[in-house]
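In my numbering, the protein residues as written are 5 to 295.
The C-beta atom is built at its ideal place from N, Cα and C for all residues, glycine as well.
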């Protein structure tokens, strides 16, 4: 078993999680191989079952179980790729596990500047990763580039994930090869170990920025308020796709409502064509300084 520090807790894993730094300490959660039974899944649930205490689902090769916020169990297939398992654990696996522990798991990049937390959200192609990397070059540090976890005890404290970033091939070509691991054939992505720019201490979350490509001639920013602010925050839940089928739990709604009350939320629209990265980053910096 290998132990890692993830979102403020020690996790013990039989599956190597890329080349993340290892740690010591008493584990609070476990990742193991094991046999998983589907006997108690309700009729009609097919290959997915979600409840307050357990998540069960299967792919064409593996079966996964996440239980009580304490354990991820994986029944591998004959041709299971450990890298694919690591990608699942760092994504859906931890999203389910920490949600069961009462955290708010948000599908955002989390950055820190001058002790203030900033979330950047956007659909694929919106420029989220590129914007985050550019802001890091301007002095920001990062807590996570994919799933942001908010501490359930404070409602607005962002927790550091692990010093791993996903980068596209163009960015990867500029980095030392020993730092890289190829992880995604569909999107041509690499995992990059970057401890230098990693923020390993929690920070209070102040601002959420939603990036939107749009039919505009220049970069525009608009603050979101009222009920719309809560709904936009709710849409950022990492499990929003799952909840669209099973319904968003009331606890998740309440946590998002409390979080939205403490946040300033902005939509930044950028032109569909041309390079507006500098203008977007300038805009994000101005907005993150308003708190």
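To the nearest angstrom, report how far apart residue i and residue j are at their CA atoms.
i	j	result
residue 108	residue 217	26 Å
residue 41	residue 277	51 Å
residue 49	residue 279	Residue placement at residue 49 is flagged as unreliable, the pLDDT there being 49, under the threshold of 50; a coordinate-derived value is accordingly withheld.
residue 275	residue 214	14 Å
residue 245	residue 95	13 Å
residue 87	residue 21	8 Å
residue 200	residue 266	30 Å
residue 162	residue 102	13 Å
residue 59	residue 35	14 Å
residue 27	residue 152	21 Å
residue 175	residue 33	34 Å
residue 15	residue 233	34 Å
If distances are taken between C-alpha atoms only, which option among the options comes closest to residue i?
i	options	result
residue 38	67, 73, 169 and 163	67
residue 169	123, 30, 141 and 133	133
residue 141	282, 14 and 253	282
residue 195	150, 105 and 249	150
residue 257	270, 268, 269 and 240	240
residue 264	293, 255, 230 and 286	230
residue 19	11, 89, 61 and 123	89
residue 155	208, 126 and 52	208
residue 262	157, 184 and 131	157
residue 56	64, 63 and 69	69
residue 205	54, 98 and 118	118
residue 130	113, 105, 5 and 290	113
Can you give the beta carbon distance from residue i to residue j, rounded, assuming they're within the 8 Å contact cut?
i	j	result
residue 272	residue 250	That pair is no contact at about 31 Å.
residue 260	residue 138	Between residue 138 and residue 260 the Cβ distance is about 28 Å, and since that is not below 8 Å, they are no contact.
residue 147	residue 165	6 Å
residue 8	residue 24	5 Å
residue 237	residue 292	Not quite, the Cβ-Cβ distance comes to about 17 Å (not below 8 Å), so this is no contact.
residue 91	residue 243	Actually they are not in contact, since the Cβ atoms of residue 91 and residue 243 sit about 17 Å apart, beyond 8 Å.
residue 145	residue 115	7 Å
Reducing DSSP to helix, strand and coil, say where residue i ends up.
i	result
residue 36	strand
residue 166	coil
residue 151	strand
residue 254	helix
residue 283	helix
Assess contact between the segment 108-122 and the segment 70-84, defined as three or more Cβ pairs (one per stretch) separated by less than 8 Å. Is contact present? no
Contact between the segment 222-231 and the segment 69-77: three or more CB pairs below 8 Å? no
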